[in-house]
Amino acid sequence: MLNEVLTDLEDFYENRNPLVTINDINEGRELAEQIYERGQIIHFYNEDGYEIYQIQRSQGNFSVPFKPVQNTEIERTRVNGSAVLVGRTPVNSNGFNGFIEIIHPLNAYTAQLNYMIFLSVILLIAALLFSSYAAYILSGTFIKPVIQLGQTMKKTQQEGFQHQLPEPENQDEVGGLIEIFNDLMTELEKNFAKQKQFTEDASHEMRTPLQIIEGHLKLIQRWGKKDPEVLEESLDISMQEIDRMKKLVADLLMLSRADREMQSADYQPADCQEVLIKSVKNMQSLYQQRSIDLRAAEGLAAIKTEHLEQILIIFIENAIKYSSDDQKVNVSGVKQQNTYSILIEDFGEGIPKENIPFIFDRFYRVEKSRSREMGGNGLGLSIAKKLLDLYGAQINVESEPGHTVITIHLNLINQG
1 MLNEVLTDLE DFYENRNPLV TINDINEGRE LAEQIYERGQ IIHFYNEDGY
51 EIYQIQRSQG NFSVPFKPVQ NTEIERTRVN GSAVLVGRTP VNSNGFNGFI
101 EIIHPLNAYT AQLNYMIFLS VILLIAALLF SSYAAYILSG TFIKPVIQLG
151 QTMKKTQQEG FQHQLPEPEN QDEVGGLIEI FNDLMTELEK NFAKQKQFTE
201 DASHEMRTPL QIIEGHLKLI QRWGKKDPEV LEESLDISMQ EIDRMKKLVA
251 DLLMLSRADR EMQSADYQPA DCQEVLIKSV KNMQSLYQQR SIDLRAAEGL
301 AAIKTEHLEQ ILIIFIENAI KYSSDDQKVN VSGVKQQNTY SILIEDFGEG
351 IPKENIPFIF DRFYRVEKSR SREMGGNGLG LSIAKKLLDL YGAQINVESE
401 PGHTVITIHL NLINQG
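Pasting the structure below:
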């Protein structure tokens, strides 16, 4: 509507021939008074910005600075805190150039819009209250449990098996169905957690033996074709690592069902000296630029050989990763009266004292960004701690900046 008023006034003045006279201006003013809307303010300026006339029937000061324009323009602005539309158009006639400006306050539209929004909110609240009341009335003793069952099933589909229904008050058919559903969700959640843990632990622990095998295959590729001894040794170690991975999968399956208690399966005690030598040798082949110092006494410990290898690889590899290339790692095995103690010492960055109680938690990392760069996911120490707990072994961590010592106390088997 604002644009139409501007167009009508512009056409009126531009069609005055041959010159725009005082009578023409007065006639234009009469036309403006006839076609302008209530609340609008019309200004007519000459080309120098001098106001020739103004039409205003409403109260309020909505004046805006004079602005010459080349073409018709309509803009939205604020005057004295009120929103207005300002339309401007040039008047170019024979012998006369000027401008028409129309200010259209938006107070009425704003008030009407606010009223419609308020009314819509009230109607929406009323509709929600009515719907809630109707739903409450319609949900009876039988329908409500069925609805809850359906909602819980939907949540289970979207979020997992942790959702359960409250215990039924009535032991009817629906109550029995709810009990079966809760039992099923509990069992599924346990199995799902075991499967997830197995997948994470297996992928984490298989990485090291695969790297050892890869290292020996590269050794064969480089020198093994011409050196039978290198070929034989690398093939033997690779086969051992493959066997260890196969056993690792079986052990992880067992660990996923364990409740931190020793299983009744039979096993041969571990020769700690032999396992230490083998583990350090494998780590040395994987990290050839690092210096690993080993001192190991003889002794049999109450732990499976494969599990002890697994534990040692985790701790030795951690010591290597969190210390620099020019720092050595010390590994020692000490036979005591009732225990065989294994000490793994590094001179790296150390572990803050406030973090030590949490380092064996699953997925816990002291420095998350650095652990990701090194390929860690916070599972290794958790797996090692769980394995040690299976055999009643103890572990102690002492750390300060520049020095960390991991001490493992295994139950010693005294040879009669």
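For the sequence shown, full-length UniProt numbering gives the first residue as 1, with consecutive numbering after it.
In this text, a Cβ means the ideal position worked out from N, Cα and C, and glycines have one as well.
Open item on the list: Can you list, in chain order, the residues of its chain with a C-beta nearer than 6 Å to that of E359? Leave out the 5 residues immediately preceding and following it.
Closed with: For the sequence presented, residue 359 should be read as Ile rather than Glu. Closer than 6 Å at Cβ, skipping near neighbours: L381.
- [ ] Would you kindly work out how many angstroms separate the C-alpha atoms of I320 and T199, rounded to a whole number?
- [x] Those two C-alpha atoms are separated by around 25 Å.
Task: Within 8 Å, strictly: CB atoms of Y45 and F66 - done: Going by C-beta atoms, Y45 is nearer than 8 Å to F66.
TODO: Below 6 Å CB to CB, which residues in the same chain sit around L312 once its five sequence neighbours on both sides are set aside?
DONE: Counting only Cβ-Cβ distances below 6 Å, and skipping sequence neighbours, we find S279.
Open item on the list: Restricting to Cα atoms, I'd like to know which of I342, Y136, S285 is closest to F315.
Closed with: It is I342.
TODO: State the CB to CB distance for the pair G333 and A384, rounded to an integer number of angstroms; the pair is presumed to be in contact (CB under 8 Å).
DONE: The pair is not a contact, with the Cβ atoms about 16 Å apart (cut-off 8 Å).
Open item on the list: Taking contact to mean 3 or more Cβ pairs, one atom from each stretch, closer than 8 Å, check whether the stretch 387-405 and the stretch 301-309 are in contact.
Closed with: Short answer: they touch.
Open item on the list: Helix, strand or coil, according to DSSP, for S323 in the structure here?
Closed with: If DSSP states are grouped into helix, strand and coil, S323 belongs with coil.
- [ ] Please state whether DSSP places D243 in a helix, a strand or coil.
- [x] Here DSSP, grouped into helix, strand and coil, assigns D243 to helix.
Task: Separation of E274 from T404, as counted between CA atoms - done: Between the alpha carbons of T404 and E274 lies a distance of about 24 Å.
Task: For P269, the three-state DSSP class (helix, strand or coil) - done: Here P269 sits in strand by DSSP.
Open item on the list: For S332, report the span of its beta strand (DSSP E) as first-last.
Closed with: Here the beta strand (DSSP E) through S332 covers 329-335.
Task: Distance between L113 and L124 (C-alpha atoms, nearest Å) - done: Those two C-alpha atoms are separated by around 16 Å.
Task: Best match in G215, M245, I408 for proximity to Q336 [C-alpha to C-alpha] - done: Answer by Cα proximity: I408.
TODO: Could you pull out every residue in the same chain whose Cβ sits closer than 7 Å to the Cβ of F347, ignoring the five residues on either side in sequence?
DONE: Only residues of its own chain outside the window of five on either side were considered, and among them S323, Q327, G402, H403 have a CB closer than 7 Å to the CB of F347, listed in chain order.
Open item on the list: Less than 8 Å between CB atoms is the rule here; does Q195 satisfy it with respect to chain C?
Closed with: Considering every chain present, this structure includes no chain C. It has just one protein chain.
TODO: Per DSSP, which residues does I292 bridge with? Please list them.
DONE: Paired residues: V329.
- [ ] In angstroms with no decimal places, state the Cα-to-Cα distance between S399 and P228.
- [x] S399 and P228 have their C-alpha atoms roughly 45 Å apart.
TODO: Could you check which residue in H104, I55, N414, Q56 has the C-alpha nearest to that of R78?
DONE: H104 is the residue among H104, I55, N414, Q56 whose C-alpha sits nearest the C-alpha of R78.
- [ ] Assuming L235 and P269 form a contact by the criterion Cβ under 8 Å, report the distance between their Cβ atoms to the nearest whole angstrom.
- [x] So it is not a contact: roughly 28 Å between Cβ atoms.
Task: Helix, strand or coil at G215 [DSSP, three-state] - done: In the three-state scheme derived from DSSP, where H, G and I count as helix and E and B as strand, G215 is classed as helix.
Open item on the list: Helix, strand or coil for L343? Go by DSSP, reduced to three states.
Closed with: The three-state reading of DSSP puts L343 in strand, counting E and B together.
Task: Which listed residue (N330, N282, D183) has its alpha carbon closest to that of L294 - done: Here the closest residue by C-alpha is N330.
Task: DSSP three-state assignment for Q112, whether helix, strand or coil - done: In this structure, Q112 counts as helix in the three-state DSSP scheme.
- [ ] Please confirm whether L85 and L119 have their CB atoms less than 8 Å apart.
- [x] In this structure, L119 does not lie closer than 8 Å to L85 by Cβ.
TODO: Tell me where the alpha helix (DSSP H) around L106 begins and ends.
DONE: Looking at the DSSP string, L106 is not in any alpha helix (DSSP H), and its letter there is neither H nor E.
- [ ] Can you have a look at E47 and say buried or exposed, based on whether 16 or more other CB atoms are within 10 angstroms of its CB?
- [x] Classification for E47: exposed.
Open item on the list: Assuming the contact rule is C-beta atoms closer than 8 Å, P90 and V64 should be a hit. Round their C-beta distance to whole Å, please.
Closed with: 17 Å between Cβ atoms; not a contact.
TODO: Pull up the CB-CB distance for Q40 and I102, whole angstroms please, since I reckon it's below 8 Å.
DONE: Rounded, the Cβ-Cβ distance is 6 Å, consistent with contact.
- [ ] Would you identify the three-state DSSP class for residue 418, choosing helix, strand or coil?
- [x] Residue coverage of the chain in this structure runs from 1 to 416, which leaves residue 418 outside it and unanswerable.
Task: Exposure label - G98; buried when at least 16 CB within 10 Å - done: Flag for G98 reads buried.
Open item on the list: Tell me the rounded alpha-carbon separation between G81 and V121.
Closed with: Between the alpha carbons of G81 and V121 lies a distance of about 26 Å.
TODO: Measure the alpha-carbon distance for M283 versus I213 and round it to whole angstroms.
DONE: Near 12 Å, if we compare the C-alpha coordinates of I213 and M283.
- [ ] Put P352 into one of helix, strand or coil per three-state DSSP.
- [x] DSSP places P352 outside both helix and strand once states are collapsed to three, so it counts as coil.
Task: Cβ-Cβ separation, A302 to L188 (assumed contact under 8 Å), whole Å - done: So it is not a contact: roughly 36 Å between Cβ atoms.
TODO: Would you identify the three-state DSSP class for F360, choosing helix, strand or coil?
DONE: Correct three-state label for F360: coil.
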